[in-house]
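So for the sequence shown, the working numbering puts the first residue at 2; every next one is plus one.
Backbone N, C-alpha and C fix where the C-beta goes; we use that ideal spot for every residue, glycine too.
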Amino acid sequence: MSKITWKGSALLAPVPVTAVTCGEGDEANIITVAWTGILSSNPPKTYVSIRPERHSHGLITKTGELCINLVPSLLCKKVDWCGVRSGRDVNKFDAVKFTKEPCTQIRCPQIAESPLTLECKVTDVLHLGSHDAFICDIVAVNADESIVDEKGKLHLEKAGLAAYSHGEYFALGKKIGSFGYSHNKKRTKKSR
Ligand SMILES: Cc1cc2nc3c(=O)[nH]c(=O)nc-3n(C[C@H](O)[C@H](O)[C@H](O)COP(=O)(O)O)c2cc1C
2 MSKITWKGSA LLAPVPVTAV TCGEGDEANI ITVAWTGILS SNPPKTYVSI
52 RPERHSHGLI TKTGELCINL VPSLLCKKVD WCGVRSGRDV NKFDAVKFTK
102 EPCTQIRCPQ IAESPLTLEC KVTDVLHLGS HDAFICDIVA VNADESIVDE
152 KGKLHLEKAG LAAYSHGEYF ALGKKIGSFG YSHNKKRTKK SR
């Protein structure tokens with residue numbers, strides 16, 4: 002394989018497309034975020050990287066809380082809209098008809114229509130350049146009943162999630178294996 006080399010750039014793909022809720026009460030807002038991921042399993046830690054000029058940056062700085070709402074393909078267009086309009090000018094919950102639902106551990110609302118949400122408390126902020134990374138503890142996870150079976154097992158594959166790759170959205174497709182399927186290794190909590 003012959004490769005062309007470019008200077009370093011933010012070309013990791015696919016990444017999740019998420020709808021991050023922030024702020025409280027009438028100030029609550031939604032920002033579309035692709036620069037997010039897991040930093041640690043135990044304690045469960047995540048980050049969202051947000052440009053200081055975003056309205057949401059100020060809201061998160063003020064409250065120290067946010068909620069990461071995962072996005073099914075069917076809601077992707079609404080979430081894209083939240084990523085091209087500012088909460089300074091418009092109430093995005095009303096505009097895209099997402100329902101504010103209270104969280105359990107934080108005051109910021111979650112999106113009722115999202116199948117899985119992570120309630121997060123900010124513990125650190127890294128000022129990296131174009132973006133500030135808000136490092137967070139994941140203090141609760143809320144899953145829609147439709148993706149949890151009677152034994153309490155999560156079936157995230159039923160959520161029909163979307164992914165983001167180099168400026169384009171994709172519906173997650175065919176399952177091609179599961180953790181350790183190359184040698185029948187069972188996934189344990191420790192191995193993640
Ligand atoms: C697919 C997609 C991914 C985005 N990812 C990020 C991101 O990771 N960080 C960020 O600061 N802005 C990101 N944006 C841009 C913000 O969502 C956008 O500027 C939004 O209008 C900011 O809203 P606010 O001013 O209400 O906070 C993304 C936009 C889209 C459409």
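With a threshold of 7 Å, establish whether the CB of residue i neighbours any heavy atom of ligand 1.
i	result
aspartate 27	no
glycine 88	yes
valine 1	This structure cannot speak to residue 1, because the chain is shown only from 2 to 193.
asparagine 143	no
tyrosine 48	no
glycine 24	no
glycine 84	yes
aspartate 150	no
alanine 57	In the sequence as displayed, the identity of residue 57 is serine instead of alanine. Serine 57: yes, Cβ under 7 Å from ligand 1.
isoleucine 32	yes
aspartate 81	yes
histidine 132	yes
isoleucine 51	yes
valine 18	yes
alanine 113	no
alanine 172	no
alanine 35	yes
tyrosine 165	yes
Please report the Cβ distance between residue i and residue j, rounded to the nearest whole angstrom; I am assuming they are in contact, meaning their Cβ atoms lie under 8 Å.
i	j	result
arginine 110	threonine 22	Before going further, note that residue 110 is proline rather than arginine in the sequence given. Confirmed, Cβ separation roughly 6 Å.
proline 73	alanine 160	6 Å
isoleucine 31	cysteine 83	4 Å
glutamine 106	valine 142	Between valine 142 and glutamine 106 the Cβ distance is about 10 Å, and since that is not below 8 Å, they are no contact.
histidine 56	arginine 89	5 Å
leucine 173	leucine 155	Actually they do not touch by this definition, with Cβ atoms about 15 Å apart.
Quick one: grab the DSSP three-state call for residue i.
i	result
phenylalanine 99	coil
glycine 65	coil
cysteine 121	strand
valine 126	strand
leucine 13	coil
So that I know if they touch, is there some Cβ in chain D lying closer than 8 Å to that of residue i?
i	result
glutamate 28	The structure shown contains no chain D, having only a single protein chain.
*Flag this pair as touching only if the segment 167–184 and the segment 92–100 have three or more C-beta atom pairs under 8 Å; answer yes or no.*
Segments in contact, no.
*asked:* Between the segment 117–137 and the segment 60–75, can you find at least three pairs of beta-carbon atoms closer than 8 Å?
replied: Enough Cβ pairs lie closer than 8 Å, so yes.
_Please give the ranges of any beta strand (DSSP E) in the segment 132–187, keeping only runs that are unbroken, at least 3 residues long and fully inside the region._
Runs of the beta strand (DSSP E) spanning 3 or more residues and lying entirely within the segment 132–187 occur at 133–144, 163–166 and 169–172, in chain order.
_At least 3 beta-carbon pairs within less than 8 Å: the segment 3–15 vs the segment 77–90_ = Judged by Cβ distances under 8 Å, the segment 3–15 makes no contact with the segment 77–90, as fewer than three pairs qualify.
*Determine contact between the segment 127–142 and the segment 37–54, defined as no fewer than three beta-carbon pairs at a distance below 8 Å.*
In short, these stretches touch, since the Cβ pair count reaches three.
*Which full runs of the beta strand (DSSP E) of 3+ residues lie inside the segment 18–64, going along the chain?*
Complete beta strand (DSSP E) runs here, min 3: 19–23, 30–34, 37–41 and 46–51.
_Three-pair Cβ contact test at 8 Å for the segment 144–159 versus the segment 51–63_ = Taking 8 Å as the limit for Cβ pairs, the verdict is that the segment 51–63 does not touch the segment 144–159.
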